[in-house]
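Structure first, then comments.
In the numbering used here, the protein residues as written are 625 to 1008.
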């Protein structure tokens, strides 16, 4: 007899086309999310999709928390752009990944800073393609030690923050993956703490690594000592436009491969796409003539890739076929324990649904005032 979570039971009972975050959590993941940016929040059609209660349960500010915006003038701090996204996430019960406070790019225009790390939560893109350190201002002044320094200072400033190293081209085997393993080791040997690795996963249609390769890389990071991994900026672009029907099918297969890989690795907590609509993709401005990388097209219509991702998640959630199939026999799980405010389920455990007789209070996870906010109903944001 198949035991289903409430979301999976609803899907199975009604043959409904459930949404991505709903399906991801039913499949045991923490979230399915989308990045956003401040200017996009004035687009009503865009916001309706982003804030749909079951489509995206997590968001990442694309730019507003970068140093260029948080300290535009030396000694003068402004958190308005970052706070807008943080408040948006809180209002819509979305998990928030803060991004990014140590990065070689988008530094303040007032020149090479005398930098310090006061509550830095997230270190981004320290490596060049060959696995050597990028000659950033941080590396030039401090050498390789800037990474352990940043992580140790971040942990001291906020012990509850989840600390991630985030980079591109580290989702596949190669020099940058090997260098990322060395970064994890260097932080730990220096007495620092690193909780997770974020794999940006800016991929190209038809060149996505195999599921086995993706799983191998994630497991290598876990074996090196992190407790979490995540796909943090996923998009899969066409190298030439417009896409053909066959190309869209290949893109759908590629998205399905990444989704299956995350589902197969327990430590993979979720997937964030780097915005959900081609209308606001970063790709065309950086790679002219390329694009169409996301799950929705420029007119907010779902693409075959969306269907592929939802089908993979639905199959994982129900233990059976995708969302178009109706299963008529549904049994919900039950747990012992006196319901009520004094009884709380484990973090991310079931606390309601048809036939539920167990605890109805939501478990309280650790409060995080930084990168990862795991419990969208109980968190505090702090700017230093």
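In this text, a Cβ means the ideal position worked out from N, Cα and C, and glycines have one as well.
Computed from a prediction, not measured in an experiment: that's the story for all the values here.
To test your reading of the DSSP string, which unbroken alpha helix (DSSP H) runs of 4 or more residues are found completely within the region 809-858?
With a minimum length of 4 residues, the continuous alpha helix (DSSP H) runs that stay inside the region 809-858 are 835-848.
Please report the straight-line C-alpha distance between residue 650 and residue 644, rounded to a whole angstrom.
Walking along the chain shown from the start, residue 650 turns up at place 26. Walking along the chain shown from the start, residue 644 turns up at place 20. Approximately 10 Å between the Cα atoms of the pair.
Could you tell me the boundaries of the beta strand (DSSP E) in which residue 1011 lies?
No statement about residue 1011 is possible, as the shown extent of the chain runs from 625 to 1008 and does not include it.
Short Cβ contact (8 Å threshold) for residue 880 with residue 933
Counting from one through the chain shown, the residue named residue 880 turns up at place 256. Counting from one through the chain shown, the residue named residue 933 turns up at place 309. It is a contact, given that the beta carbons lie within the stated cut-off.
Just the C-alpha distance for residue 916 and residue 875, rounded to the nearest angstrom, thanks.
The count along the chain shown starts at 1 and reaches residue 916 at position 292. The count along the chain shown starts at 1 and reaches residue 875 at position 251. Distance between the alpha carbons of residue 916 and residue 875: 10 Å.
When you compare the region 819-835 with the region 853-869, are there three or more beta-carbon pairs, one atom per stretch, that lie closer than 8 Å?
Touching, yes, given that three or more Cβ pairs across the two stretches are closer than 8 Å.
Spatially closest choice to residue 930 from 866, 787 and 860, by CA coordinates
Taking the chain shown and counting its residues from 1, the one referred to as residue 930 is at position 306. Of all alpha-carbon atoms in 866, 787 and 860, the one lying nearest the alpha-carbon of residue 930 is that of 860.
For residue 812, would you say it is in contact with chain C, using Cβ-to-Cβ distances shorter than 8 Å as the test?
The structure shown contains no chain C, having only a single protein chain.
I'd like to know if the region 799-818 and the region 771-783 are in contact, where contact means that at least 3 CB-CB pairs between them fall below 8 Å.
The answer is yes - the region 771-783 touches the region 799-818, with three or more Cβ pairs under 8 Å.
As a quick exercise: from 849, 834, 846 and 902, pick the residue whose alpha carbon is nearest that of residue 867.
Mapped onto the chain shown, residue 867 falls at position 243. Distance check between residue 867 and each of 849, 834, 846 and 902 places 902 closest, using alpha-carbon atoms only.
Beta-bridge partners of residue 920, as assigned by DSSP
One-based indexing of the chain shown puts residue 920 at position 296. Its beta-bridge partners are 901 and 926.
Straight-line Cα distance separating residue 782 from residue 812
Counting from one through the chain shown, the residue named residue 812 turns up at place 188. Counting from one through the chain shown, the residue named residue 782 turns up at place 158. A direct Cα-to-Cα measurement between residue 812 and residue 782 gives close to 17 Å.
So is residue 677 buried or exposed if we call it buried at 16+ other beta carbons inside 10 Å?
Here residue 677 refers to the residue found at position 53 of the chain shown. With fewer than 16 other Cβ atoms from the protein chains shown falling within 10 Å of its own Cβ, residue 677 counts as exposed.
So what's residue 775 in DSSP terms, helix, strand or just coil?
In the chain shown, the residue the question calls residue 775 occupies position 151. Residue 775 sits in a helix when the DSSP states are folded into three classes.
Check the C-beta distance from residue 659 over to residue 832 and give it rounded, since I have them as a contact under 8 Å.
Taking the chain shown and counting its residues from 1, one reaches residue 659 at position 35. Taking the chain shown and counting its residues from 1, one reaches residue 832 at position 208. Not confirmed; about 19 Å, so no contact.
Using DSSP's beta-bridge definition, name the partner residues of residue 791.
Numbered from its first residue, the chain shown carries residue 791 at position 167. In DSSP, residue 791 forms a bridge with 823.
Using only the alpha-carbon positions, how far apart do residue 802 and residue 898 sit?
As a position in the chain shown, residue 802 is number 178, starting the count at 1. As a position in the chain shown, residue 898 is number 274, starting the count at 1. Each residue's Cα considered, the two are about 25 Å apart.
What three-state label does DSSP hand residue 972 in the structure shown?
What you label residue 972 is simply residue 348 of the chain shown in a count that begins at 1. Per-residue confidence for residue 972 stands at a pLDDT of 38, beneath the threshold of 50, marking its modelled position as unreliable; the derived number appears in the next sentence. In this structure, residue 972 counts as coil in the three-state DSSP scheme.
In its own chain, which residues sit with a C-beta less than 6 Å from the C-beta of residue 792, not counting the 5 before and 5 after it?
Residue mapping note: residue 792 aligns to position 168 of the chain shown, counting from 1. So the qualifying residues of the chain are 824 and 826.
Using 8 Å as the threshold, is the C-beta distance between residue 927 and residue 919 below it?
Within the chain shown, the letter at position 303 stands for residue 927. Within the chain shown, the letter at position 295 stands for residue 919. At a Cβ-Cβ threshold of 8 Å, residue 927 and residue 919 count as neighbours.
Quick check: the Cα distance between residue 708 and residue 673, rounded to an integer number of angstroms?
If you number the chain shown from 1, residue 708 lands on position 84. If you number the chain shown from 1, residue 673 lands on position 49. If I take the Cα positions, the gap works out to 18 Å.
Could you check if residue 632 is buried or exposed, using at least 16 other CB atoms within 10 Å of its CB as the buried criterion?
One-based indexing of the chain shown puts residue 632 at position 8. Note on residue 632: pLDDT 49, under 50, position unreliable in the model; no value is reported.
Taking C-alpha atoms, which residue in 900, 871, 888 and 850 lies nearest to residue 924?
As a working mapping, residue 924 is identified with position 300 in the chain shown. When each option's Cα is compared against that of residue 924, the closest is 900.
Can you give me the start and stop residues for the alpha helix (DSSP H) that residue 657 sits inside?
In the chain shown, residue 657 corresponds to position 33, counting from 1. In the DSSP assignment, residue 657 falls outside any alpha helix (DSSP H) and lies within the beta strand (DSSP E) extending over 655-660.
Top-ranked residue by Cα proximity to residue 795, from 842, 849 and 780
For the purposes of this step, residue 795 is identified with residue 171 of the chain shown, where counting begins at 1. Of the candidates 842, 849 and 780, the one whose C-alpha sits nearest the C-alpha of residue 795 is 842.
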